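Notes to accompany the following structure.
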Amino acid sequence: MKLTSRHGKPAFTLIELMAVITIIVILAALVVAGLGFVTERQAKEKARVQIALLTKGLEEYKLDNGTYPISSNSQDGSGFSDDLYIALFYEGYEFAEQSKNGNAPDSWTKVVNGVTLPKATKIYLPDLDPTSSKQGWVDPVTGDNAVPPQATTIKDPWGNPYRYRSGKNAEGKAQSFSVNPEFDLWTSGKDSKTNTTNLNHKDAKDDIRNF
């Protein structure tokens, strides 16, 4: 009687399985890290595009109204994102609404720090419209009868408000914290922190700014 032996395929040892799992985990981590890098690079590029759009709108606003939107003498530039929305979009929208049927307002001004200044009579940045914004930088307003709110925050790609400060106050005097004589405009970046007195500070490292 002949005995035949069976030669099956050798099984993986525990050490070999652990090695394979480790390699898979490392490869997955590299893929995730790569995706994160690409996402962050895209966010930075989008922020640069948005700052360019806001800058263009601000320059056109200045040409028509004689001044840039006024802010207080702010060190960190926070709290004025809504003012940019009002100046570059809502005032023009409101003027158009009130001017329907040829009934333009007799007086179209505002008082800033005791100084009477003109309000915008046209929309300088249509992309700020919350009912149809393609930039995704304002909270959307939806519905058949949706209308833009009187104020809303303009946010950077990381969800933080854009920062702004005018170079001059309502009386036309230079503001001590402003770097540019026209205006300072920037995003505090992914970490949402900023430092405008020391641009080499760690809180300012990922800022994207015009100064």
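In our numbering, the protein residues as written are 179 to 389.
Glycine included, each C-beta is placed from N, C-alpha and C at the ideal position.
From a predicted model like this one, the values you see are computed outputs, not experimental measurements.
Beta-bridge pairing of residue i - partner residues as DSSP gives them
i	result
residue 364	341, 387
residue 241	Bridge partners of residue 241: none, in fact.
residue 294	289
residue 352	346
residue 333	339
First through last residue of the alpha helix (DSSP H) which encompasses residue i
i	result
residue 266	Element bounds for residue 266: n/a, residue is neither H nor E.
Within 8 Å, strictly: CB atoms of residue i and residue j
i	j	result
residue 332	residue 326	no
residue 328	residue 239	no
residue 341	residue 356	no
residue 388	residue 381	no
residue 298	residue 347	no
residue 261	residue 249	yes
residue 383	residue 218	no
residue 295	residue 330	no
Residue environment, residue i, which counts as buried when at least 16 other CB atoms sit within 10 Å
i	result
residue 225	buried
residue 287	exposed
residue 335	buried
residue 241	exposed
residue 283	exposed
residue 235	buried
residue 201	exposed
Extent of the continuous beta strand (DSSP E) to which residue i belongs
i	result
residue 289	287 to 290
Contact belief for residue i with residue j at Cβ below 8 Å, rounded distance in angstroms
i	j	result
residue 263	residue 316	7 Å
residue 303	residue 266	4 Å
residue 293	residue 349	6 Å
residue 280	residue 301	Their Cβ separation, rounded to whole angstroms, is 19 Å, which puts residue 280 and residue 301 out of contact at 8 Å.
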